[in-house]
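Only one structure is covered here, and it is reproduced in the block below.
Number of protein chains: 2
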Amino acid sequence: MTQEVLADALRQRYREVDSATPAHWNPVLQVLHEHRSVRTYLDTPVSDETLHLLISAAQSAATSSNLQVWSVIAVRDPARKARLAELAGGQKHILQAPVLLVWTADFARLRQLAADHDTPLEGADYLESSYVGFIDAALAAQNAVVAAESVGLGTVYIGALRNHPELVAAELNLPQQVFAVFGLVVGHPDPAESARIKPRLPQAAVLHHETYKLTEQRKHVAVYEQRIAQFYAEERLAHSWTERVLNRLTSAASLNGRHRLREALANHGFRLV
Amino acid sequence: MTQEVLADALRQRYREVDSATPAHWNPVLQVLHEHRSVRTYLDTPVSDETLHLLISAAQSAATSSNLQVWSVIAVRDPARKARLAELAGGQKHILQAPVLLVWTADFARLRQLAADHDTPLEGADYLESSYVGFIDAALAAQNAVVAAESVGLGTVYIGALRNHPELVAAELNLPQQVFAVFGLVVGHPDPAESARIKPRLPQAAVLHHETYKLTEQRKHVAVYEQRIAQFYAEERLAHSWTERVLNRLTSAASLNGRHRLREALANHGFRLV
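Top to bottom, those sequences are chains A and B. All residue numbers for the first sequence refer to my numbering, where the first residue is 286 and numbers rise by one. All residue numbers for the second sequence refer to my numbering, where the first residue is 286 and numbers rise by one.
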């Protein structure tokens with residue numbers, strides 16, 4: 286653990302020629318900066334004891350007004366994982382890794398509590414509350430990711446669990462008011478296939494001071510296009526970031542079923558007023 | 286740094302009588318588990334160099350399909366912070382701390398890119414895409430929180446920035462398709478007023494195995510109600526968690542303006558089809 290290892294992670298992340306020496310270094314910054322999504326796993330199990338630590342880390346994250354409107358389902362049954370992998374477009378790492386954590390926005394717990402107290406819970410019907418549930422789940426999951434990486438595990442988020450929300454809900458027995466936000470694969474990375482740190486937009490593109498600036502984004506995106514092309518070339522891919530992101534969002538069809546998320550949420554009791 | 290320090294954080298988090306020894310311990314798990322929201326700050330500045338490290342940690346988080354549909358605005362100008370504090374219900378810690386980071390879901394960068402390439406970006410009009418922006422912003426912000434705490438800084442999320450979205454957008458010059466998801470106060474905690482670890486629901490309430498179980502939630506909530514009452518009593522507060530969360534969501538009015546989030550997003554160019 287040295288400042289130089291962190292500096293190296295920063296160089297890989299930004300691919301800037303003259304990057305400054307980091308102002309601090311510690312094992313936490315190291316783990317955060319070395320993140321990469323892992324898509325090849327060994328079949329080594331993850332123990333319940335380790336899982337409990339990932340979830341206590343998740344519960345230690347902030348939660349809006351201490352509402353704690355999220356839950357997580359740990360799926361280890363190979364047959365269930367296989368069915369969920371199929372629903373997520375056939376992602377093989379869901380099968381390979383020992384655990385799939387499905388993070389949900391959960392208003393069922395509070396609905397039940399409100400019903401038991403004969404109290405209305407109309408605030409939960411608003412679009413705002415769905416965002417609170419999604420944000421709470423995301424903050425919790427990200428803490429679990431950092432905890433997992435700190436003990437040598439790898440992870441990858443599975444947004445494609447939103448492709449077929451009703452079928453995912455049926456598989457997990459999700460009641461009304463519980464919605465699967467995303468999956469998170471957790472397992473031991475296959476050392477034979479080590480994922481690399483993916484470059485991100487120059488920091489100047491995402492960090493604004495005092496007020497937001499739009500037109501300056503053009504030059505930052507142009508620089509990024511060059512830098513990530515290098516990365517893709519090293520991976521023997523002829524990708525363009527611009528093409529890829531524009532294709533991803535070009536039409537309803539490019540959302541792989543998620544264009545009907547509003548309907549799916551309504552089917553799960555989220556009125557989204 | 287010892288296993289015992291982590292075990293102590295876990296005892297404070299769950300207040301269970303017979304808590305198990307943690308399966309792992311390292312400085313990362315320690316920082317994650319010792320999180321508390323800080324609401325009293327010194328006026329000591331946070332340097333640009335430190336801020337850059339928080340943002341590089343944020344950019345190191347996963348982002349859906351590498352879209353990177355978020356931006357953050359660092360507000361240090363005391364007058365602007367004062368106006369934003371007012372819009373967030375007069376939270377004094379926004380004034381006290383040297384930096385307010387405003388995290389946004391940002392589709393303006395990609396809209397501009399799509400326009401420059403004369404390409405449609407219809408996928409961005411869907412409700413799904415707004416969740417992607419909110420989730421991306423949350424994953425990034427949570428990494429910044431962990432990085433900040435690792436270097437001794439404190440933080441607190443400001444969801445109340447959604448109380449008056451149009452006024453917040455005007456203050457930060459946010460263009461169409463950029464929406465302030467939440468604020469994050471960052472600064473040096475006042476050592477005279479040390480925040481304590483807040484207890485969370487028993488892990489059995491939020492962690493489910495294979496399928497979701499609803500009725501069992503009742504007993505976990507009842508246990509929690511007792512445990513957090515202890516915490517409140519130590520803080521000389523006569524609160525009940527159940528009362529507080531049910532009040533928070535009882536009606537449109539209890540959302541402090543956020544019941545009109547749908548309208549506010551529409552005003553900012555999010556169609557949410």
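For glycine and all other residues, C-beta sits at the position ideal for the given N, C-alpha and C. Values in this document were obtained by computation on a predicted structure and should not be read as measured data.
Check	Outcome
Buried versus exposed, by CB contacts within 10 Å (16 or more), residue 545 of chain A	buried
Alpha carbon of residue 344 of chain B to alpha carbon of residue 512 of chain B, nearest angstrom	37 Å
Contact under 9 Å by Cβ, residue 534 of chain B with residue 415 of chain B	no
At least 3 beta-carbon pairs within less than 8 Å: the stretch 423-431 of chain B vs the stretch 408-427 of chain A	yes
Where the beta strand (DSSP E) through residue 527 of chain A begins and ends	Counting along the chain, residue 527 of chain A falls outside any beta strand (DSSP E), though it belongs to the alpha helix (DSSP H) covering 526-533.
Chain-ordered chain A contacts of residue 330 of chain B [CB-CB under 9 Å]	Result: empty, since nearest Cβ-Cβ is about 13 Å, beyond 9 Å.
Closer than 9 Å at the beta carbon, the chain B residues around residue 459 of chain A	496, 497
Cβ-based contacts, 7 Å cut-off: residues of the stretch 415-441 of chain B near chain A	416, 419, 420, 423, 424, 427, 428, 431, 432, 435, 436
Which listed residue (A/441, A/409, A/431) has its alpha carbon closest to that of residue 556 of chain A	A/409
Beta carbon proximity, residue 289 of chain A to chain B, threshold 9 Å	no
Of the residues A/514, A/372, A/539, the one placed nearest residue 527 of chain A, counting alpha carbons only	A/514
Contact with chain B by residue 468 of chain A, beta-carbon distance below 9 Å	no
Candidates A/380, A/315, A/297: closest to residue 326 of chain A by CA position	A/380
C-alpha distance - residue 442 of chain B paired with residue 469 of chain B, whole-angstrom precision	4 Å
Interface residues of chain A facing residue 537 of chain B [CB-CB closer than 9 Å]	407, 408, 410, 411, 558
Three-state secondary structure (DSSP) of residue 464 of chain A	strand
Residues of its chain near residue 315 of chain B, where Cβ-Cβ distance is below 8 Å and the 5 sequence neighbours each way are ignored	286, 290, 291, 294
Chain B contact for residue 483 of chain A (CB, 9 Å cutoff)	yes
Residue-chain proximity (residue 398 of chain B, chain A), Cβ-Cβ < 9 Å	yes
The stretch 430-439 of chain B in contact with the stretch 537-544 of chain B per 3-pair CB rule at 8 Å	no
Alpha carbon of residue 350 of chain B to alpha carbon of residue 417 of chain B, nearest angstrom	10 Å
Cβ-based burial, residue 363 of chain A [other Cβ within 10 Å; buried from 16]	exposed
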